[in-house]
Each structure stands twice: as structure tokens, then as C-alpha cells.
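The next block holds one structure in the form of C-alpha cells; read it before the comments.
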Ligand SMILES: Nc1ncnc2c1ncn2[C@@H]1O[C@H](COP(=O)(O)OP(=O)(O)O)[C@@H](O)[C@H]1O
Ligand SMILES: [Mg+2]
């Protein structure tokens, strides 16, 4: 098998027959109705679709933040449904990064401390390798001169870059970003999309991003459209 063929078949994550029902009976909401999805490693995949179509639910199920009603999710070769809560928490910590629309930085920590928090929580020492990764991520995201500042002293775009750095620092198998530019103006959005793109190209990350940005297709390797809880297909 050639190198290209190996890369083409390497999956960072996949879902089969994924359903998620909220509530029960007459008021049950079928947020996911049987999603089959393969997310290739080393690629930037954009997920698009109308509001309420199930995009966030899908991201949460793929990231192990929510438990599907049925179906299976595999991330970095691990079947999430086989993990108990403790194992799932550890798996998420070690293999998954998540970027939220609302940044979710801890206000009392500096930018630098926020970025290093995942390593600290994992009990990892800031050895030479971790330090090199931190430096690389900080430089790719252009936030070195902001590291001593608290989130309140940063612009929205800078806060989101810090949040992306935090998601990347532990070298996760896959980074999920749910409308990461939803709270940003269009110029800052383009910048953040560019940084996510660079993290794929220059750091070899796998990124899956929900977005409403029209220009997303120009940044992403692939666009998957979700409609009414199923994959409606790749974008035209
Ligand atoms: N915690 C919840 N409880 C009940 N219904 C929910 C919950 N979260 C999402 N939903 C419903 O599931 C559907 C999909 O929601 P969501 O995944 O947030 O869509 P999107 O991110 O595409 O806007 C919507 O109808 C939404 O109202
Ligand atoms: Mg959503």
C-alpha cells in the first residue's frame, strides 16, 4: 500500500448509525436520526447546516461530551461506547480538544495559564517536549505578547486564539470547534479560520468545525452538510 493510500484511509473519528433523542414520548426531540460519518486524520472538515439540524449534538457525541441514544462513535481507534464515565473523561482529556463559541476561558487565569491548564490537569510535567509544543502553538496563533494577560484584557479574537491554543497544546487526535467564530466580527473570523487552517497544515492537527461562514469551504478540505439530524451530503 502506498503512503498516500494509507493516509487516505486513516480516520481520526467515525460515527455509525448515530441517534440522539432528547426527552421521551410526545415531546421527544430526534436531534440525530442515524448519522454515518468518517473524519479523515490530518484534515480540516467543516460541518454546515441550518440552526437546529443537530450539529452541536453531533459534535458533543463525537467528542464524548454527550452519550448517543444508539449507534457508535470511534475516536483515535477507541470505541467510546465501551468506556465508563471515568475512562471517558480521561480519554477526552488525552485525545480530544474542544473550542466553544463562547471561548470558555477561566477568567482568573492568564492566557498562558489557560493554555497550560490541560497539561496541568493531566498531571503532565512541562518537559522540553511539552514546552516546545506550547511555544509552537503560541507562535502559530500569534499570541506570545498576550500570555501574561487575563481574558478580560483580551479582544474576542485574541480570547478565541487562546482557546484554540489550549485545545491544541496536548496534541489531541482531533479538535472539535463548534461555531468558533460565532461571536467574532467578520475580519476576526477570517483570522481565526486562518489559524485553524494553519494548525491542520503546519501542526498536522485534525480539525472538525461547525460554521455558518460562507467562506468556510475555502478553508476546509471537506464540507459536510447536516440537515434534520442526518448527513445530507457533501456541499455542492
Ligand atoms: N439538551 C437538550 N434538550 C432538549 N432538546 C435539545 C437539547 N439540545 C438540543 N436539543 C434540540 O435538538 C435539536 C438539535 O439541536 P442542536 O444539536 O443544538 O442543533 P444545531 O447545533 O444544529 O443548531 C434542536 O431541535 C434542539 O432544540
Ligand atoms: Mg449548535
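Residue numbers (the working numbering): 10 to 245.
Beta carbons: idealized from backbone N, C-alpha and C, even for Gly.
(request) Please classify residue 133: does DSSP put it in a helix, a strand, or coil? (result) coil
(message) Can you confirm whether the stretch 147-166 touches the stretch 97-111 when touching is taken to mean that 3 or more C-beta pairs between the two stretches lie within less than 8 Å?
(response) no
(request) Determine the contact status of residue 187 and residue 65, defining contact as a CB-CB distance below 8 Å. (result) yes
(request) Report yes if the C-beta distance between residue 172 and residue 112 is below 8 Å; otherwise report no. (result) yes
(message) Let me make sure I understand the geometry here. Which of 30, 47, 45 and 128 has the alpha-carbon closest to that of residue 39?
(response) 30
(request) Flag this pair as yes or no: are the beta carbons of residue 161 and residue 116 separated by less than 8 Å? (result) yes
(message) Suppose contacts are defined by Cβ-Cβ distances below 8 Å. Is residue 59 in contact with residue 19 by that definition?
(response) no
(request) Excluding the 5 residues preceding and the 5 following residue 206 in the sequence, name in chain order all residues of the same chain whose CB lies nearer than 7 Å to its CB. (result) 53 and 228
(request) State the start and end residues of the unbroken alpha helix (DSSP H) segment that holds residue 101. (result) 94-104
(message) Buried or exposed for residue 63, going by 16 or more other Cβ atoms inside 10 Å?
(response) buried
(request) Just confirm the distance between the C-beta atoms of residue 21 and residue 176, as a whole number of angstroms; I'd bet it's less than 8 Å. (result) At roughly 14 Å, the Cβ-Cβ gap does not stay under 8 Å, so residue 21 and residue 176 are not in contact.
(message) Among the candidates 68, 32 and 36, whose CA atom is the shortest distance from the CA of residue 47?
(response) 68
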